[in-house]
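In the working numbering, each residue carries its 1-based index in the sequence shown increased by 245. The beta-carbon is built from N, C-alpha and C at its ideal position, and this holds for glycine as well. All of these numbers come straight from a predicted model, not from anything done at the bench.
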Amino acid sequence: MMKQDLTLNSKLREIVANPVGHDVAVKLLTQMGLPSRLARNPLLGGLRLKQLKALFKQLDPGFFDAVLNLLNSEKDTLDDSRVEPKRAWWKEAVFYQIYPRSFMDSNGDGVGDLRGILSKLDYLKALGVDAVWLSPIYDSPCDDNGYDIRDYQKILPEFGSMDDFDALLGGLHERGMKLIMDLVLNHTSDEHPWFTEALQSESSPKRDFYFFRKGRGKKPPNNWTSFFGGPAWNFYPGQDVFALHLFSKKQMDLNWDCPALREEIYGMVRWWLEKGVDGFRLDVINYISKPAALPDGNAFIGSLMGFSGIEHYFAGPRLHEYLRELRTKAFAPYGAFSVGETPGAGEKIGRLLTDDTRGELDLIFSFDHLETPGHTRFDEYAYDLSYLKRFYIERLNTSLGHGWDTLFYDNHDNPRMLSKIDPPGAHRFTLAKLLGVLQMTLCGTPFLYQGQELGAVNKVFSSIGDLRDVESLNLYEDLIKTMPADDALRRVLAGTRDHARTPMQWNDSKNAGFTTGTPWIDTDGDEKLCNAEQQLEDEYSVLRFYQRLTAIRRASKAFIYGQTEYIDPKANHSMRYIRRLGEEAYYIECNLGASETKHKAHGRGGSTLVLSNYEDETETLRAYEARVYRVS
Ligand code: ISL
Ligand code: CA
């Protein structure tokens, strides 16, 4: 059945029935500090869009057209029947993300490298890791630490050689672990030969690989802004032309509408699969399709999101088509796994992307749980765990068995979750274990980020000179135009990605055992208190706890495919649920706050404590206490 276009006459319930409409409504409500369930409120559902338009006269008039356009470009609907989830290795696996620059340096140049990673494979195996995701290791000028690729088929010399890569892949496979590469397909470095060639002349066969456009007079072709500050356009005076970059000035957006570009990409992907890699993490993959006209972004959406233009490309017109093509022509023949990084994709867009009957991606990372509503990464605030609980109860398993969720707290783009929840760090190690319990026992695939298994927290940076990240440095330059330097620094430090990019803390020696040379970014002394060597020896450490967690997860499919039943879902400071598969069941009980709450037993036939982040079992749950019971 052809779907009718939505218009100003459509009712809100019809708007929200559209997958993009649902996610946009939830996002807008959340950004405005309102509860997301309003999107499903039956009274509001009867309102027509034009009534809303009359109500919100102050909104820029183009806003409703912008939203309708966006919604009408999504013709697909979701299958709302519940099915048994299909079994797959990547649903059962524990993934571990490595940021190669900061993991382990083998040759003393201060930069982590492939041989360094190779020397730590037994550590990963003992942790219970099944698959490693490597942040980019390709040749790159490293304007954005490798997310600006110059040559997709060459290893960055600082990281090692192709032989080192083969040795690493072999070493992982020998130990029964898989390797996932990080693939950046939305943009390349401006030093990629495609771009340098394209820039030569208008008639270059590579010209159409990127977005070259004439300006509007001296002004850029549209009002889109870059995530790393300023307009999303570089001007090339020699040819009086602009080119698009959503990220840094050296990360040029690729034009996926060009068939020759797509074929180049698929060929390159197959080349890595021929080498034996097991899959890919796809950087900002939901941004790859842009409307050819590159229309201006709506001002209201721009001010709400802090970036202009995003509604045109976060779920672009040909996204599904391109993902299917990538899968059919490259991934499927090799059975390769894919996880897409999809900022802005909410529950329903997420389902469109991962529903296993649709043939797009296996998993996605959505980021809606990383900040509490109304906050952005650069705000200083304490994250309320009861939000995480509500988020999980609403979101996990909404795929009805058609898709699957990822479970993660840290990555290379975010401050540490522990520091968001408990900024002073009073409960650091207990809380680290609690997060581990949620991550390993809820339904979804866990992705650990290096250091998380030690209880890594934010770093103490004392000046802007301590930071390295292009995003932070650009933001700081921008902020000091309008505020005192101290305030600008505080804001940058609240959200800088460098919190997660300092050296992995292997031991308490100089530079945390990461390098014998001068590290590219400093440690802050925390390695004296928190390092892998000391934690391996301490039975009660976070690391040993994570080893046990991965082991219990591996030992029972109830943690993977089991039904999840939430008990007393409205309780604010505790989270309790059962994972059940056939005869086997586990009861998980967590105190989400620092004050004590009562322990509540569960299970008629008795229960056995399998794991807890306290040494003894009492009738009260202490600060951030988490217990896993086997019940019958
Ligand atoms: O879109 C954002 C809103 O602030 C960002 O979160 C952005 O989506 C995210 O940083 C995208 O991340 C990925 O692509 C970037 C790279 O710098 C990141 O490290 C990578 O994870 C550009 O390649
Ligand atoms: Ca090195």
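Nearest Cα to Trp751 within the set Leu734, Glu772, Thr761: Glu772. The beta carbon of Gly850 sits closer than 8 Å to those of Val876, Ser877, all from its chain and outside the five residues before and after it, given in chain order. With a 10 Å radius around the Cβ and a threshold of 16 neighbouring Cβ atoms, Asp714 comes out buried.
C-alpha of Ile609 to C-alpha of Gln303: approximately 36 Å in a straight line.
In terms of side-chain proximity, the C-beta atom of Gln276 is found no nearer than 7 Å to any non-hydrogen atom of ligand 1. According to DSSP, residue pairing for Val339 in a beta bridge does not occur.
Of the residues assessed, Ser448 falls on the exposed side of the cut-off, its CB having fewer than 16 other CB atoms within 10 angstroms. For Arg395 and Asp427, the gap between their C-alpha atoms comes out near 14 Å. Ile555 is not a Cβ neighbour of Gly591, given a cutoff of 8 Å. Bounds of any beta strand (DSSP E) do not take in Leu363; it lies within the alpha helix (DSSP H) bounded by 359 to 363. Looking from the CA of Arg346, the closest CA among Val737, Asp743, Ala338 belongs to Asp743. The beta carbon of Gly357 sits closer than 7 Å to at least one heavy atom of ligand 2. The beta-bridge partner set that DSSP reports for Phe559 is empty.
By the criterion of a C-beta distance shorter than 8 Å, Arg596 is surrounded in its chain by Pro264, Leu323, Thr643, Ser644, His647, Gly648, once the five residues flanking it on both sides are discounted. Residue environment: Ala299 is assigned as exposed (fewer than 16 neighbouring CB atoms within 10 Å of its CB, all protein chains considered). Counting the other Cβ atoms within 10 Å of the Cβ of Asp655 gives 16 or more, which makes it buried.
For Val584, the secondary structure class from DSSP, reduced to helix, strand or coil, is strand. Distances from the CB of Phe492 to the heavy atoms of ligand 1 include at least one below 7 Å.
Counting only runs of 3 or more residues that sit fully inside the stretch 676 to 700, the beta strand (DSSP E) segments are 690 to 694, in chain order.
Note on the stretch 708 to 752: whole alpha helix (DSSP H) runs with a minimum of 4 residues are 715 to 724, 730 to 740, in chain order. Taking a cut-off of 8 Å on C-beta distances, the stretch 601 to 616 touches the stretch 553 to 570, as three or more cross pairs fall below it.
In the three-state DSSP reduction, Asn756 falls in the helix class (H, G or I). Only residues of its own chain outside the window of five on either side were considered, and among them Pro381, Tyr392, Ile394, Asp528 have a CB closer than 7 Å to the CB of Val429, listed in chain order. Nearest in C-alpha terms to Ser318, of all of Phe552, Glu442, Leu417, Phe559, is Phe559. DSSP, read as helix, strand or coil, puts Arg452 in helix. Around the C-beta of Ala739, 16 or more other C-beta atoms lie within 10 Å, and the residue is accordingly described as buried. Of the candidates Ile510, Ser326, Tyr341, Gly266, Gly266 places its Cα closest to the Cα of Ala311. Around the beta-carbon of Gln249, fewer than 16 other beta-carbon atoms lie within 10 Å, marking it exposed.
Leaving aside the five residues that flank Leu680 on each side, the residues in its chain whose CB is nearer than 6 Å to its CB run, in chain order, Tyr654. With a 10 Å radius around the Cβ and a threshold of 16 neighbouring Cβ atoms, Met349 comes out buried.
For Val876, the three-state secondary structure derived from DSSP is strand. DSSP, read as helix, strand or coil, puts Ile805 in helix. As computed with DSSP, Val377 is found in a beta bridge with Tyr341, Leu424. Restricting attention to beta strand (DSSP E) runs no shorter than 3 residues, the stretch 807 to 856 encloses them at 808 to 812, 819 to 826, 829 to 836, ordered along the chain.
Comparing alpha carbon positions, the residue from Gly405, Leu253, Arg293 closest to Ser385 is Gly405. Fewer than three beta-carbon pairs drawn from the stretch 747 to 762 and the stretch 661 to 676 are found closer than 8 Å, and the two stretches are therefore not classed as touching.
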